[in-house]
Structures are given as C-alpha cells and as structure tokens.
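Protein chains in written order, with the numbering used here: chain E, 834 to 1167; chain H, 834 to 1167; chain L, 834 to 1167; chain S, 834 to 1167. Note that the Cβ used here is the ideal one computed from N, Cα and C, for glycine as well. Okay, so here's the structure we're looking at.
Protein chains: 4
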Amino acid sequence: MIVILKHDVTEDKRDQLIKWFNSQGLGVDVSEGEYQTILGLIGDVLNLDTDMIESLDIVQATRRVTEPYKRCNRKFQPEDTVVKISDVAIGGGNFAIIAGPSSAESEDQVVQIAKSLKQAGASVLTGGAINSKIRTHTIQDQNYKEMAFLEAAKRETGMPLAKEIISVEDIPKYDNVDVMIIGERNMHNYPLLAALGCMDKPVILKRSISATIDELLLSAEYIMAGGNKNIILCERGIRTFADYTKNTFDVSAIPLLKEKTHLPVIADASRSTGLSRLVYPVSLAACAAGADGLIIDVHNDPTSAEKNGGQALSTEFFESLAEDVEKIREVLRK
Amino acid sequence: MIVILKHDVTEDKRDQLIKWFNSQGLGVDVSEGEYQTILGLIGDVLNLDTDMIESLDIVQATRRVTEPYKRCNRKFQPEDTVVKISDVAIGGGNFAIIAGPSSAESEDQVVQIAKSLKQAGASVLTGGAINSKIRTHTIQDQNYKEMAFLEAAKRETGMPLAKEIISVEDIPKYDNVDVMIIGERNMHNYPLLAALGCMDKPVILKRSISATIDELLLSAEYIMAGGNKNIILCERGIRTFADYTKNTFDVSAIPLLKEKTHLPVIADASRSTGLSRLVYPVSLAACAAGADGLIIDVHNDPTSAEKNGGQALSTEFFESLAEDVEKIREVLRK
Amino acid sequence: MIVILKHDVTEDKRDQLIKWFNSQGLGVDVSEGEYQTILGLIGDVLNLDTDMIESLDIVQATRRVTEPYKRCNRKFQPEDTVVKISDVAIGGGNFAIIAGPSSAESEDQVVQIAKSLKQAGASVLTGGAINSKIRTHTIQDQNYKEMAFLEAAKRETGMPLAKEIISVEDIPKYDNVDVMIIGERNMHNYPLLAALGCMDKPVILKRSISATIDELLLSAEYIMAGGNKNIILCERGIRTFADYTKNTFDVSAIPLLKEKTHLPVIADASRSTGLSRLVYPVSLAACAAGADGLIIDVHNDPTSAEKNGGQALSTEFFESLAEDVEKIREVLRK
Amino acid sequence: MIVILKHDVTEDKRDQLIKWFNSQGLGVDVSEGEYQTILGLIGDVLNLDTDMIESLDIVQATRRVTEPYKRCNRKFQPEDTVVKISDVAIGGGNFAIIAGPSSAESEDQVVQIAKSLKQAGASVLTGGAINSKIRTHTIQDQNYKEMAFLEAAKRETGMPLAKEIISVEDIPKYDNVDVMIIGERNMHNYPLLAALGCMDKPVILKRSISATIDELLLSAEYIMAGGNKNIILCERGIRTFADYTKNTFDVSAIPLLKEKTHLPVIADASRSTGLSRLVYPVSLAACAAGADGLIIDVHNDPTSAEKNGGQALSTEFFESLAEDVEKIREVLRK
C-alpha cells in the first residue's frame, strides 16, 4: 500500500506515522517528490484500515497496490481451479449448464423438466426461488416443498442438485444438495458465508447487484478462509440506470474475473435480464466472453408459471440454446 | 395495474387474457386506442407477477398505477407514525440523534463516550460494527463483546440502546437492546425481517445501497406484515459511479419517503460518506431536508480507533454538530 | 399516455383537466377504480410535458404506454433498415467491421494499418480521436491533420471512411468522410444532430454513457426529423459503479435495440472497456448477442501509440479476432 | 504517479521502462516490495497516457497520487476565488441566488417575474431552456426569442443575466449576458469550453450527470487553460438507479468540491430533481452543506408553463424559500 502525505507535513509528524506503521509490523519506504511525500508500506497490509489512515490530518490519500485478497488470487495460484459438483467438472476448460424451473410446482413437473434438460445437455439441475413474493411466514416452508420436488428429480435422473440457501439453520436440510447457491442478496451474509466455508460442499457465489469485482472476490476469500476451496463465481447483473432490464449484465466481468482469480466463473442471464427473450442472446454472449458455465431458468409452460414466468425459457427454446452454446464453445476451443 | 397489449392482437387472444384476469378475481376495464388496447385491472394486484405478464406474446408492457405496498403507505394512513424507543419519540415532529462508537473497545471507553453524547444532546446510544474486517469465525463473538460494553453504558446513562443485528439466532442476546438496526446488507434478509416482524420492538431499517425507494418500502411492508408497526427508515447512501465517497448520500430520498410513507425517516451520514469531515455538512443537509433523526458515529479518539476510524467524529466535533443541528431544526419549525 | 389522479380529487377538478386535454386535441378515456381514477389519453401525446402534468395537485403519476419516438420505431417499420456506407451495407443481415487507429500519426502509418485491416476483413476505415488530452487550442488542428492521413489511406485502399465530428463548423471539411460518427459526448449536441439530419450522409450515433435506450432513440429521432434516415446506432458502454473498465458494456442493449428499432446496431468494445485485452472477448460477445457490426481500435504498435494505446489491438491480434467474429457469425446464421 | 510492475518482471524489461520514462523528462524512484516493484514517477505527469502504460505487458496497474488538474486546485491557491457577475459576488463567503423562468414566454411575463425575484432576494436573473422538446430547426430561434425577453427584464430591473449557451456561433448574440451557463450536456463540448476560455466573462460550469468530480474539475481546467479564471461550478445531480427523481442530487459533492478547488460551488435543485416540491428541501440541504449559491427555476404560473412546468416554483413559494435560505446561511455564519 502507498500512503500519500499532504504537501505541508512536518518531519516530526511524518516520523510519528512511520513509527506507527513499524509498530504494526510493516516496513516503510519513503520517497520524496516535489509536492508530496509518499510512503510505500512493505508487509501484510490486508487488514489495515485505509479509511482511518485517510482520515488522518497529514494524509492526502492511500492507494492499494496489491489486491486485498489472497486465497482466490491467480497471482498465488496461476492454474485454474476445477470444481467438481458430484461428477460434473466446472473450470479449467470444463463447461456445464445448470438449469431448472425457478417455479417448481410439483414432483411430476420437475421430473419431466429435469429429464428433458438432461437430454438437451444440462448437467446440473436447479430450481426454486426464494423471494419476497411469497408471503412472510411461509417462505421457508415453500422452499422445503420445492426441495422435495427437486430431490425426486435428482433420484430419477441422477443429475446433481444446485439450490439456493438463505440461512444457516437450513444447512441440515440441504444434505441432498450437491452445490449450495448463495444468491446476490446474501453475498454479504457473513454468518452464512462462514458456515459454508467450514464445509467442503461446492458453493456458487453470486455477485451482488451492487458489488464491485473486488468485493465479490473478498466474499469468496471470506468463505475460503474457513477451508472450503470449491467456489464458483457467478455474474448475474449489476444495478445501473438502464431501465429495460432488471439488472445490467456485466459481460466484461467474465474475462476480468478469469484474469484475477483461478476460480471458475459462470453466468446467470435469466436473473440478470429478467426477460426470457434476452436470455438467449445474453447467454451466448457470456459463452463468447469465456464463461465456464451458465445458469438458466427453464419451465415447461412459462406463461402459466406460478412465479418468475417472465424470465423462464420453455424446454424447447432451451434445447435450441444448448445447441448454439455448444457451437460457440467449439469456436473458442480451436 | 395497466396492461398494454401489442397492436396486432386478435380479439380472441385478448378475451382469453381477460378471462384469465377475471379468474384471478380481478375486474378488467378495456380501453381501445389507435395503436394499442389497454386493460385496466381493478382489484388487488399486489401479488400479480408483472414479469410473467410482460413475457406473454400479446403483451407489450405493464404499468403499476398503485404503489406495491399498503401498510406503510401514507395514502392509507395520512398522519405520521411516532415510534417510541423506550421513552424517546421519533417522527411526527419529534427528532432524535442516535450516536456512539462504531469501534466499541472497552466498557470504560463506551461509558465515557455515552456520557458526553448524552450531555451534548444525543438521546439514543449505539455502537459496534459488524463487518468482514473481523476475521471469519470471531465476527459474532466480537459482536457480543461490544454488546456488553454498550449494556454497561446504558446502565450508567439510562440511554436506550440501538444495535445492528445480522442473524435470527442472535435475537435472544438482544434483550437489552431497545431498537434493532437492520443494516443495508440485510434489507433483503427475509428470515430476519420476518422474525423482527413478529416482535413489537422498534426496528431501524436501513436502505440497501442498491435499493430503490419502493424496494425499501417493500421491505418495511414485509416486516409490518408480521404485525410490528414500529419501523424507522434510514437513508445511508446508494452506490453510484461517484468515487470520492463510499456511497452517494441521496438527500432527495428524505422528502420523497416522507411523502410516500407515514413512517419516520432518519439519516446516517457516517456510513454513507465514510469520511468524518463530510459527516458534518451532510448531517446538516439531511436535517434541512426534513429528516426525523440522525445516526452518527462518534469516537473518543478517531485516529486510534480499532475500526472505521475514518468515519467517526470526535466527541468535541459531535457537540458542535449537535448545536448546529438544533439551530437548523429551529429554522424549519418556524 | 395514462394519467393517474389522486384518490381524493373532486369531480370538478377532474373535469377541468379533461377539458384541458381536449383543448390540446386529445381524447380522454375515463376509468374509475377503487382508489384511483385513471385517464387514458388518445391521440398524439409525443410532445406533452409529462413533468408538468405530474406536478399538478390532482395528479399522482403519469405513465407512457407508447414509446416517445416514431420514425425509428420498429412498430411503424417492421423490416430492418439497411444503411449503405459507400458500397458497404450494414443491417438487415449485413455485418461490417469498422477499424483503424485512434492514434493516427502519419500518412505512412495509417496507410499500412488500413491495408492490413482490409486484408483481415475490415470494410470501413476509421481513426483519430478527439479528446481533451490534446491541449486546448490545437484540438481542431490536430483533427484536420489526422483527417489528411485517413484520406490518404482511403485513396490507397478504396475503403470508405468513418470519422468523428464534434462541431457544425467542421462539416465542410468532412467531404471525404463516408459516415459521420457522433461520439457519446455529443449525443445531445442538438445543433450538430440537426445539421447532420439535413444531410443524407450516413451517421453512426453512439449512446451517451449516461443515456437510457429511449434517450438514444430520441436522439436518432431528432436527426431523422431532418430527413436523414441513414442512422446506425452504437453501444459503447454506460457509466456504472464497476471500476475496472472505463465503462460497462451493456450487452443486453443490442438485442433490446434491435427489438425496438429497425435501425442497425453496432458495438464499440475498444472505447467501452478501454482495455485492449478485453476487446477480444467483449467484441465476440457483442456478435453473439446479435450486433450488426463492430468498431475496433487497431494500431501498428499499441505500446508506442501517441494516445489511447491502452485500448488498441495490434494488427495481428485484430486478424485473429476478425476470424473468430466470422465463425460466431456463422453459428448465428444457421 | 505510481507504476506497479507485475511480480515476475525481468530486470531488463524494468530498466527499459525506466529509460522510457526518463526520456519523457521524468525522474523514477524504484521501490522493491515482496511481490511487486513500484516505480514512483517524479515530474509533470499530467499528460501521461495511463491507459497505455497499464496496457504494457509488465505493468499491473498505475495510481495517480496527484490530482490531474492544477489551475483550479486548492493546493496551488488556498484562498477562495470570488467571481463577480457584474456587481454580484459569489464565493469567498459571498452567496447569491440565480433565478428565473425556464419557460420564458413573453417580455411582460419575464419582467414581472424578475421584479418579484429581485424583491425576494435573488440577485441574478436567468431563464430559458434549450432542450429537445423544441422541434429540430427552431431550437436556436426559440432561444433568441427568450433572450430578448430576458434582456428586457435586465433593463427594467438592473439584474445581471445568466443564460445557457450551447454553441460557439451563438457567442456574438450573448453580449448582454453577464454569465454564460454551460449545461450538463456540454460539459465535454471542447470547442465551446475553449471559446469561453478565451473570454473573461464569468462561466457557470454544470457537472454532467455522468461526470465524476475529477472530470468536472478537468473541464474547468480546460476552460482556465485559455486564461479565463471566472469559473463557478454547479452540482445538478448525477444519473443513478434511483427512479423517482430525474437525477440524484449529490449533496456531498458540495463540501468535496470546496475542499479540492478554490472555485465557488453552487447548486441547481430544480434541474436535478425535476420536481418542484423537492426543490425547497433540496435547496435548503445544499445551503446547509455549504453551497455558495443556488439556481432556481421560478414561474409565475407553473401549471400553465409552456415547458418544464414540473420543476418550477411559483413566485410566492420562491419568496418563502429565499427567507429560509437566509436563515440557514445565518446558522452557518455564526
């Protein structure tokens, strides 16, 4: 980290600050410019409170020169991490489609959808949606009901299961789930991140709609601090002034993340656009930009779905998308 | 709600849609324009899935004409709600300052700060900060430690206590807390909202940095659905491209919220700007815009604070701010 | 347009407003709901001042139900517009790459780059950059100098020429330019839009980094009002909180624009990301999302470019990109 | 400026880069850390192309440590600049209200409004609005007509005149204007900035809705490079996801700008909120945050204004606002 001092700082005050940094176990490299003195801190600055330092009378600004994360940093692990969801690999050249109905309504429905998804090329089943459109006190009950439908479909098809989790207490109920999804609203839910960090079950960590790339990586870091290295990152749109889509899908985040971290990066076009007719072009775009996988909301009959029907693809439309995704993947593989 | 049909819709398809709306218990008022047919829905449309309707082949767009919230809507309760935090009233002309150290470090320190805050005009004590700068598995332990310091200061000064809560399991430990703070990161934490909705303890609900005003009110609505009407809303900045402050304090949100809801509205300039030297002008601005109260981070020695030192005011600086706040309040009272 | 009245409006005031709308040549369809009365306006509402109407005491809100643009609206012209830049077609299934050096430094350099671009598959030459990094009073002179290099390269290669224009006075100097580029900073420069609207030379209109899709289309409409129908729209990123790229490339805007307008839509990944290593994946993503063309900054030696070197591809890297673009186009054509 | 090299850079490549910086007239201070080597550049780096440097293979990132502007930088001129608009001073403790009708409709109307504004405490007259709601080819004609009404009111009341200018060709027509307003849409209109920079007439430079604070100051710098030092900065809202107001008024920008520059800073609440009922609280907030002046849209009969009626205050409402502004000013003066 670099600390830029104000131009009229006395030598006395400067030395006092340097001593304080030394007392924190940091080396300090002083460089005098025409208008400013700059201190280069040497050592582990990850936990320094830059806001506090910037508030000091004699400091003009601070600048980080190393990323504030280590475990997920590609600098410290150049080779790709490959995450295994049961027998499905993601990352390091392995690509997978995770699909299923946001509106899981009956065992029969989910089993039928799962079968057709599997045939069309999806390798992981997902489903259910936990949102406030469900009335207050039944939100968890509703979730367990959907879980039962998905478990049935897993038994029938053998597909591993991906499911969103919103609370630590639910963990025991997620035994049959093969990869935990942390939704964008829980990217900063520290008790949940900490609990999943102590398990070795894979986790899909979705980027909050207000998170920078560094903040996403810091949440990954927070999970990994518990020992769990099986993290998959997911871009699902950020909040901007653009008003036709629910969120703005940040396609550049995909190559940027793959540059900064060794973790796999997938994309969820259904939840970022909120509009099924955009899921097709945006999913293809995500693949072309280098995504390691996709999450896609698919429903047997979107127009009669009990919730989120607006974002779901029909199973037929999904088949066609899966084919084109495969073709784009081939172009990139050459 | 208004449903705008595409201009080439057949009468048949239109009638089918109308029938479906009727089956949902809604009346439909049809109005034919030159290029479009518009359906006006009459009845309770709060739970209609507009995304799904918009995805229908024959629908061009939908437009809500009533707000998607009822309990907190000023239309249904014109008079201001007054929330009592122990014996401190907020709203309906009552103004209060909630202050204390984000970095609560010892019983002695917190008691001293609390005494000087009380004398300077603060009426509710707050403190502690729950964030990821604390290492993974000690985040909760750290919180309970800070709680003990605050409880001691409450006993000494008689000030009611405001404290952030991040998890349902912590509720039993918050018996001595007089008003629960839901931080911006938990504005969509449904299990937590639901649990606090079943209590009658007051709640300060902070606006998520990515939330629109309607979304904030929907979270308030979600709490109120459980029966708890003692909600105080708090503006604490939104995420924008502006890069000098941590967040952009949305001062217009204060008069807008007071127009749309009968709930009290307060402001937290410490956490929105992240810079102590901006807390003063922005807090005054919030008062001038009509806020019912302020949350302010105050520390006995900000430059040596263990965390968040950059945003904390010194106790001396707080005194001066409290005086000016009072003067601005007088201007508005005239 | 829909006008929603407040719930306690007297019949008298309502009738007065209806009369006023009638006096503006509009029909009014009244629909009474439980809590609100809604007026549906019938006729040409494009020029109604919705802000004024919303400010009326008796009005709660207004909602547009028709788009505020006509000439570029796909509703009124379902078939794609094909714009011809000299003999190069864009739109309606025709795809073209517009490329060249943002940093045009000598006749020789630009001619060499143009030759290699042509061979690699680019069909329109562009170049030069008009920005504040050039010192105040030489910004125009610098531009004319770059123009001369581009004109030479046009003569040598026969490629049509695309060049940014920032001022009405420059029009006479742009005789040799085949398509005028309106940069994002001039999307609201009305005198410039009006002047280009009176010509029949094609125009590439770039989306302002703060413009919604409707605002971009309104600027296109403003040009078309003068008679010029040869407009190509260009997505080049919006300003968001995301901090690693100069702007956030809004990939969803491509399919959305193609849905709303019959005009061709192209993408500029160089200027939106500002980082050459992202130009490749983001350009492929734009193609996969359905773009009708690309603008790409290419330089013979990016690291020694006099300006904007950070965003320019080398000619070798461009060749490889052009090949992959062609393959993605094939996947979509099937 | 600080240049951070990648951690595996060879000494050879490093020395080559240092030589290149030397050839640009810059000194280089090398500091070796555990994972990175950092180069501190000494000398004038204002015109260095950081994007290009960041694109070099061996560079990880660059960080500016000095602000990219000099002439408007408070570091180089600690005392406030006072700008005189005719005999009205703004800045350095001097406060002024600039007011008038965005919808200037007749000589009589504007004269009447001006008289009542003057009496209520406004010191500069403004009016007219140049926007696309006027049809294409009459936008300038309309502007000259409004100018005539304002000139008449200036003659009658003796108030100096503030008027928006959108094009270099209009300058000769602005002889009677005492302060030129550069609207947010022209903050990057370099030919216009350059032309006004060569005059000594005062300029109000409005922040673009997509501009950071540094970008606003760079535009001020660009004008000042021509010699004109009479610049007043104006905050008028930024574009964010917040959807109830036209833009989000960034109240923190006021104290931040006053910290970074010696130029006066004023606020335009009318154009940032677009809603007259918010102009009152937001204008008071701007004053409380330390603004040196206000721009306010006032109309004799807002509901019948020909344009922008939604944002205009009535003259009566303005009087009351001006009184409260004065009281807030007194609180701050103490």
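Item                                                                                                                  : Value
Close Cβ partners of Ala1102/E (< 6 Å) along its chain, the five nearest in sequence each way excluded                : Val1112, Val1115, Ser1116
Three-way DSSP call (helix, strand, coil) for Asn924/E in this model                                                  : Sequence check: residue 924/E is Gly here, not Asn. It is a strand residue.
Contact belief for Val1010/S with Leu1025/S at Cβ below 8 Å, rounded distance in angstroms                            : Not really, about 14 Å apart at Cβ, beyond 8 Å.
Residue burial classification, Glu1017/E (beta-carbon count within 10 angstroms, cutoff 16)                           : buried
Ile967/H to Ile1015/E span [Cα, whole Å]                                                                              : At Ile967/H the pLDDT is 49, less than 50, meaning the model places this residue with poor confidence; the figure from the coordinates comes in the next sentence. Approximately 21 Å, taken between the alpha carbons.
CB contact check: Thr934/E to chain H, cutoff 9 Å                                                                     : With the sequence shown as reference, residue 934/E is identified as Pro, and Thr is not the correct amino acid for it. No - not a single Cβ of chain H is within 9 Å of the one on Pro934/E.
Cβ pair Arg904/E, Glu1054/E closer than 9 Å                                                                           : yes
Within-9 Å CB hit, Arg896/E to chain S                                                                                : yes
Cβ of Ile1042/S within 9 Å of any chain L Cβ                                                                          : yes
7 Å CB neighbourhood of Phe928/S in its chain, flanking five on each side removed                                     : Asp1125, Gly1126, Arg1162
Cβ contact check for the stretch 942-951 of chain H and the stretch 837-854 of chain L: 3 or more pairs under 8 Å     : no
Alpha carbon of Asp1157/L to alpha carbon of Leu1108/H, nearest angstrom                                              : 48 Å
Exposure label - Arg1040/H; buried when at least 16 CB within 10 Å                                                    : buried
Local conformation of Ile967/L per DSSP, three classes                                                                : Caution applies to Ile967/L, whose pLDDT of 49 falls short of 50 and renders its modelled position unreliable; the model cannot decide the point.
Cutoff 6 Å; reference Ile1129/S; Cβ partners in own chain excluding five residues on either side                      : Ala932, Ser1103
Enclosing alpha helix (DSSP H) for Ile1046/H [first to last residue]                                                  : 1046-1057
Any C-beta of chain H under 9 Å from that of Lys1167/L                                                                : no
Minimum Cβ-Cβ distance from Ala937/H to chain E less than 9 Å                                                         : no
Closer than 9 Å at the beta carbon, the chain L residues around Gln869/H                                              : Val898, Thr899
8 Å Cβ shell around Ala1155/S - same chain, five flanking residues per side excluded                                  : Ile930, Ala953, Gly954, Ala955
Pairwise C-alpha distance: Thr1073/H and Asp1076/L                                                                    : 11 Å
Any 3 or more C-beta pairs closer than 8 Å across the stretch 1034-1048 of chain H and the stretch 870-879 of chain H : no
CA nearest to the CA of Thr959/E, picked from Pro993/E, Thr971/E, Glu938/E, Gly926/E                                  : Pro993/E
Distance CB(Ala995/S)-CB(Ile918/S) smaller than 9 Å                                                                   : yes
Helix, strand or coil at Thr1136/H according to DSSP, with G and I counted as helix                                   : helix
Alpha-carbon to alpha-carbon, Leu1146/H and Asp890/E                                                                  : 13 Å
N-terminal and C-terminal residue of the alpha helix (DSSP H) that Gln952/S is part of                                : 940-953
Distance, Ala1027/L Cα to Asn1061/L Cα                                                                                : 10 Å
Residues bridged to Val957/E [DSSP beta-bridge criterion]                                                             : Ile931/E
Reduced DSSP secondary structure (H/G/I, E/B, other) of Met1013/S                                                     : strand
Three-way DSSP call (helix, strand, coil) for Arg1162/S in this model                                                 : helix
Whole-angstrom distance between Asn906/L and Asn855/L, CA atom to CA atom                                             : 27 Å
Neighbouring residues, chain H, relative to Ile1071/S (Cβ below 9 Å)                                                  : Thr1073, Phe1074, Ala1075, Thr1081
Contact with chain E by Lys908/L, beta-carbon distance below 9 Å                                                      : no
For Ile851/L, the first and last residue of its enclosing alpha helix (DSSP H)                                        : 844-856
Sequence-distant residues of the same chain with beta carbon closer than 7 Å to Tyr809/H, five excluded per side      : Nothing about residue 809/H can be read from this structure; chain H reaches only from 834 to 1167.
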